[in-house]
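Novice: Residue numbers (full-length UniProt numbering): 1 to 630.
(1) Go ahead and pull the three-state DSSP assignment for residue 298.
(2) Can you name the start and end residues of the alpha helix (DSSP H) that residue 464 belongs to?
(3) State yes or no: is the C-beta of residue 611 nearer than 6 Å to some heavy atom of the ligand COA?
(4) If you count every other CB in all the chains shown that lies within 10 Å of the CB of residue 125, and 16 or more means buried, which is it?
(5) Tell me the DSSP secondary structure of residue 259 in three-state form.
(6) Reducing DSSP to helix, strand and coil, say where residue 135 ends up.
(7) Between which two residues does the beta strand (DSSP E) holding residue 322 run?
(8) Under 8 Å: do the region 191-202 and the region 73-81 share three or more Cβ pairs, one atom per stretch?
(9) From the DSSP secondary-structure annotation, give me the bridge partner or partners of residue 156.
(10) Between which two residues does the alpha helix (DSSP H) harbouring residue 575 extend?
(11) Nearest CA to the CA of residue 446: which residue from 147, 201, 486, 141?
(12) Could you spell out where the alpha helix (DSSP H) holding residue 603 opens and where it closes?
(13) On the three-state DSSP scale, how would you describe residue 84?
(14) Check whether the region 549-560 touches the region 578-590, taking contact to mean three or more Cβ pairs, one atom from each stretch, closer than 8 Å.
(15) Figure out for me which residue from 415, 400, 148 has the closest Cα to the Cα of residue 633.
(16) Counting only runs that start and end within the region 423-464, where is the beta strand (DSSP E) found for 3 or more residues in a row?
(17) Does the distance from the C-beta atom of residue 452 to that of residue 494 stay below 7 Å?
(18) Whether or not the region 504-520 and the region 451-466 are in contact is what I'm after, with contact meaning three or more pairs of Cβ atoms, one per stretch, closer than 8 Å; do they touch?
(19) Check residue 610 in the structure and name its three-state DSSP category.
(20) Going by alpha carbons, who is nearest to residue 301 out of 426, 550, 330?
(21) Give the single residue among 611, 466, 516 whose Cα lies nearest to the Cα of residue 545.
(22) Buried or exposed: where does residue 13 fall if 16 or more other Cβ atoms within 10 Å of its Cβ makes it buried?
(23) Taking 8 Å as the threshold, find out whether the region 569-581 comes into contact with the region 412-422 through three or more Cβ pairs.
(24) Are there 16 or more other CB atoms within 10 angstroms of the CB of residue 616, so buried, or fewer, so exposed?
(25) For residue 264, list the residues DSSP reports as bridge partners.
(26) Where does residue 108 sit, in a helix, a strand or coil, going by DSSP?
(27) Under 7 Å between the Cβ atoms of residue 538 and residue 604?
(28) Are three or more beta carbon pairs between the region 345-357 and the region 366-375 nearer than 8 Å?
(29) Would you list the residues sitting across from residue 180 in a DSSP beta bridge?
(30) Report yes if the CB atom of residue 540 is closer than 7 Å to the CB atom of residue 482, and no otherwise.
(31) Can you find the residues in the same chain that come closer than 7 Å, C-beta to C-beta, to residue 357, ignoring five residues on each side of it along the sequence?
(32) With DSSP as the reference, label residue 505 as helix, strand or coil.
(33) Since residue 305 sits in a beta bridge, which residues does DSSP pair it with?
(34) Would you call the region 177-189 in contact with the region 134-151, where contact means no fewer than 3 C-beta pairs closer than 8 Å?
(35) Can you tell me which of 553, 290, 590 puts its alpha carbon nearest to the alpha carbon of residue 517?
(36) Could you pull out every residue in the same chain whose Cβ sits closer than 7 Å to the Cβ of residue 250, ignoring the five residues on either side in sequence?
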């Protein structure tokens, strides 16, 4: 057998400007340079799979080496990284065909394809050897590819610096692999980290740990190969074969967290679309749960090859879920930018979302204490789905848990609220604000508590949005107790006290006086049936936003100019009666009226509108009080 070849290397000039092409590919397709290793391993795994299929008809192709594998060889001193597979390999014409994709297509045509595929589904960018392979030029200043087709007595070498040309020549069989392809990357100086075993092993386990081919690593020249993946994906096993410890270890490696999953969802879907999903609900809040971009952290695999962790595989209100989806229904060559628009992926997304929500429902029904821990961690995010996901709104509302005026430290479901509602109560009352302590002390609660009417205490910012969009629950609409009239007259007080007389001449005169003096700052001044202990409170008009929603929109710069509030006055309060009785001192009544408004603002978590005037009025009221006593 001839082991040396005397042949001049064939030089080929790229028809396209490869430097420009690679620049566009790197910046348009890849965001992480380490992705090159995933691409090379993916190509190697494909080559092993092709050999496996061809060997069904021609078993002799496997010879005495039937086990597929990919071997990574590191040489820190020479700054080289070698990726070698024992797959099908390439002949000369196949090598030119496979590695000449970019040259053959032409720069202009290829870039037009990229531009077109940014706005269309099914971009042919990933999994093509000519594109995936060329990602290695992000880190290599020169690349040699030596390949030998299974069953062939010839080997070929392809070389290029990726800047304008490449060469193809016969390779010495002594230097070539027995079969398959060896890719030698001569790394750039700033890419020498890819000769570190720790770096390479981390990338492999994170991005390629579950390709259906075992991966080995040789961390120095002359070293022994060490297997770092066995080619078996945990999610391909049946649930009965996987222990709780296995799931926990896998979850920790996948999520980068060190807690235990609160919930594990593992299933295989068959039918119109076939895929496997493995999803975990963390036991603690992920650090990025409130990331403003609200991105999920589910990974997408196609035929066990990692594609992306940037596809929207779950709705954003389930972004705390960690896991992966593996499907054979999508091609490897679909663009990562366009993949989330695929109708196949949309169907998978719907199916996985339904299964995760169903698992959460089972947790709430079967393990209520465990579910409350889940709710405390993820309730604020899950509630986003009530206004974003109309299809599953009823399910999500049933899953929601709340602090209420009847159970301020515990949690209650909407079903429990409705079950215990007063006869004739046609609304679910709520109070939204910044903290539970603030809400429990709110004067707007008084009239409801006096009548035993339960009120939801909502402290998350999202609450002000979903209650507006959720039309009702079991026939009862949501109503803010800080907006419009309270309509409490139909419900008797628990202490059987009757409402105060509101037609007293002095009180009626004072309300008219206050309405006139505060006309520029409030929409109205009226007697209140929601106050029992406090003298005053502010409420929003019937139309528009409630008090908390208005504050949120103002703080976000989404609302130009606040709506004038309504000042409600407790006519039974001793202070109000005393102020109304001073009919001979209009200046005092005016100061007292403005102080009552500022008091209501303070109780509502605001500052007096004019702190200096507030202090001056307070001083005058104090002075008059001292004079009167003297």
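All C-beta atoms, glycine included, are put in the ideal place defined by N, C-alpha and C.
Specialist: According to the data block:
(1) strand
(2) 463-469
(3) Absent from the structure shown: the ligand COA. Ligands present: none.
(4) Here residue 125 scores only 38 on pLDDT, less than 50, and its place in the model is too uncertain to base an answer on.
(5) coil
(6) helix
(7) 322-327
(8) yes
(9) 147, 170
(10) 574-581
(11) 486
(12) 586-603
(13) strand
(14) no
(15) There is simply no residue 633 to check, as the chain begins at 1 and stops at 630 in what is shown.
(16) 427-432, 456-458
(17) yes
(18) no
(19) coil
(20) 330
(21) 466
(22) exposed
(23) no
(24) exposed
(25) 280
(26) Caution applies to residue 108, whose pLDDT of 46 falls short of 50 and renders its modelled position unreliable; the value that the coordinates give is listed next. Helix.
(27) yes
(28) no
(29) 148
(30) yes
(31) 392, 395
(32) helix
(33) 302
(34) yes
(35) 590
(36) 234
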